[in-house]
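Read the structure below first, then the notes.
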Amino acid sequence: MRVAVILAHPNRDSFAHEIARRATGGLIAGGHDVELIDLHAIDFRAAMSTAERAAYHGQSPILDPLVQHHADLVRAIDTLVFVYPTWWSGLPAILKGWLERVLVPGVGFHFDERSGKVRPGLTNIRHLIGISTYGSPRWYVRAVNDNGRRTLMRALRVSCGLRTSRRWHGMYAIDTTTEAERAEFAAHVERAMSELR
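Residue numbers 0 to 196, in numbering that gives the first Met the number 0, belong to the letters of the sequence shown in order.
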């Protein structure tokens with residue numbers, strides 16, 4: 000399979016970067032073709048510009064060549080993996096911006112001209128995988144609805160189709176975990192990615 004790993008964390012020495020490396024290593028060991036996109040390393044601009052918003056419902060909603068490259072990639076892959084820290088109960092701004100700027104009409108979804116209804120645009124995606132760290136314990140994350148997970152596993156899945164499988168790997172209360180617990184989680188992620196079919 001062809002896989003894109005989307006990483007959203009500004010610090011290269013973060014646990015998120017370690018998880019992205021382990022996930023990528025597991026996917027490669029499993030025989031998959033992997034492209035790792037570190038959004039901060041490529042200075043991806045999170046905010047949609049005024050010109051992009053004006054073009055959003057037009058024939059050419061993508062104005063930035065980097066965004067176009069990512070849209071082309073998303074259309075060509077089988078699996079999307081997201082690695083990020085949950086901040087303020089949601090996605091980091093750079094990842095939310097990536098979704099908004101890349102998954103525009105014609106990429107993430109289509110409008111049915113007859114009915115006006117939204118139709119999935121990413122029917123090529125077989126697997127959606129989220130990997131996130133949380134400062135809070137699991138019970139608290141559930142109490143505040145885990146908005147990042149809901150965005151990726153529910154809202155984005157609608158753009159992929161109901162046959163798309165979903166997998167979630169969360170490291171909760173990371174600030175109080177031990178080095179051994181983090182190592183165990185990283186090994187779990189790597190193993191799960193290597194077994195992906």
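Cβ coordinates follow ideal geometry from the N, Cα and C atoms, glycine included.
All figures in this text were calculated on a predicted structure; none of them were measured in a lab.
Which residues share a DSSP beta bridge with Arg-118? His-109
Spatial distance of Gly-89 from Glu-112 (CA atoms): 33 Å
Spell out the partners DSSP gives Gly-89 in its beta bridges. Trp-86
Which of helix, strand or coil DSSP assigns to Ser-150: The sequence shown places Thr at residue 150, not Ser. Here Thr-150 sits in helix by DSSP.
Just verifying my parser: in three-state terms, what is the DSSP assignment at Met-170? strand
What ranges does the beta strand (DSSP E) occupy inside the segment 11-47, keeping only unbroken runs of at least 3 residues that lie completely in it? 32-37
Range of the contiguous beta strand (DSSP E) that encloses Leu-6: 1-6
For Pro-60, which of Lys-116, Leu-102, Arg-149 has the nearest alpha-carbon? Leu-102
Stretch-stretch touch, CB-based, cutoff 8 Å, three pairs: the segment 14-21 with the segment 51-59: no
What three-state label does DSSP hand Gly-160 in the structure shown? coil
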